[in-house]
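This report concerns only the one structure given below.
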Amino acid sequence: MGIYTVNNIRKLTYDTYEMVLSGDTSWIKAPGQFVNIKIDGLFLRRPLSVCDIADDKMTLIFKVVGQGTEILSCMKPLQQLDILCDLGNGYDTEVFTLKPLLIGGGCGVPPLYYLAKTLIKKGKTPNVILGFNKKDDVFYEKEFADIGCKVYVCCVDGSYGYKGFVTDVISMIDYDYIFTCGPEPMLKAVYENSSK
1 MGIYTVNNIR
11 KLTYDTYEMV
21 LSGDTSWIKA
31 PGQFVNIKID
41 GLFLRRPLSV
51 CDIADDKMTL
61 IFKVVGQGTE
71 ILSCMKPLQQ
81 LDILCDLGNG
91 YDTEVFTLKP
101 LLIGGGCGVP
111 PLYYLAKTLI
121 KKGKTPNVIL
131 GFNKKDDVFY
141 EKEFADIGCK
151 VYVCCVDGSY
161 GYKGFVTDVI
171 SMIDYDYIFT
181 CGPEPMLKAV
191 YENSSK
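So for the sequence shown, the numbering used here puts the first residue at 1; every next one is plus one.
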């Protein structure tokens with residue numbers, strides 16, 4: 001547990017925000033872990049996956065879906081948050097893979113960014129499929145591309161990128177291992193549609 005200071009907040013889409021915090025990031029041991037944030041006036045903490053760690057900076061991405069995330073979206077630089085860290089097991093980046101494929105759907109996209117950076121440091125640049133409902137929901141396409149990933153974006157309504165679901169793109173990519181994060185129906189579909 002620790003106190004973290006808001007560095008900045010950036011609006012990524014009409015309802016999705018990126019928050020960069022400074023504080024002790026040594027608690028985060030693996031990509032895919034999450035934190036629990038205490039919000040003044042609310043009983044339950046809000047769980048958010050960690051998008052990125054860089055030195056003493058931690059990046060979180062969240063969608064405004066209720067009172068807690070609405071409060072987070074209105075925070076200003078230098079405000080502080082009480083955060084529980086080191087939650088969840090995270091991804092095993094030691095698995096043998098030369099051609100990793102990362103598949104994220106909606107709010108499952110953020111933890112894959114730190115995973116991609118970690119795999120790249122190990123010499124395993126991944127292909128990335130990002131799935132959204134529509135163009136207005138798309139975020140972090142450029143950020144993945146900027147670190148060297150080949151990015152495929154799909155929108156269910158066909159308004160941007162490939163039309164359809166993430167599973168419609170899998171067969172176009174040469175891979176030997178899949179890391180994925182997203183809604184349970186998507187995870188099930190990825191499992192059923194992956195060839196390896």
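C-beta atoms are modelled at their ideal positions from N, C-alpha and C, and glycine is treated no differently.
In this text, all values refer to a predicted model and were calculated from it rather than measured experimentally.
C-beta neighbour in chain B for residue i, strict 8 Å
i	result
residue 64	Among the chains of the structure shown, chain B does not appear; only one protein chain is present.
Alpha-carbon spacing of residue i relative to residue j, whole angstroms
i	j	result
residue 54	residue 100	22 Å
residue 71	residue 2	19 Å
residue 82	residue 24	12 Å
residue 165	residue 138	14 Å
residue 187	residue 86	24 Å
residue 180	residue 131	11 Å
residue 52	residue 146	14 Å
residue 173	residue 41	47 Å
residue 153	residue 142	11 Å
residue 77	residue 176	42 Å
residue 50	residue 66	19 Å
residue 156	residue 11	23 Å
residue 111	residue 149	15 Å
residue 194	residue 182	16 Å
DSSP bridge partner residues for residue i (one or two, in chain order)
i	result
residue 180	103
residue 16	63
residue 58	21, 53
Enclosing alpha helix (DSSP H) for residue i [first to last residue]
i	result
residue 72	67-73
Buried/exposed call for residue i, threshold 16 Cβ in 10 Å
i	result
residue 79	exposed
residue 74	exposed
residue 18	buried
residue 127	buried
residue 144	buried
residue 46	buried
residue 185	exposed
residue 63	buried
residue 33	buried
residue 161	buried
residue 98	exposed
Closer than 7 Å: residue i CB and nearest the ligand MG heavy atom
i	result
residue 124	Questions concerning the ligand MG fall outside what the structure shown contains, since it holds no ligand whatsoever.
Beta strand (DSSP E) segment containing residue i, residue limits
i	result
residue 11	2-11
query: Hey, which unbroken runs of the alpha helix (DSSP H) at 4 residues or more fall wholly within the region 79-167?
result: 110-121, 141-146
field: Every unbroken beta strand (DSSP E) inside the region 20-51 [3 residues or more]
entry: 34-38
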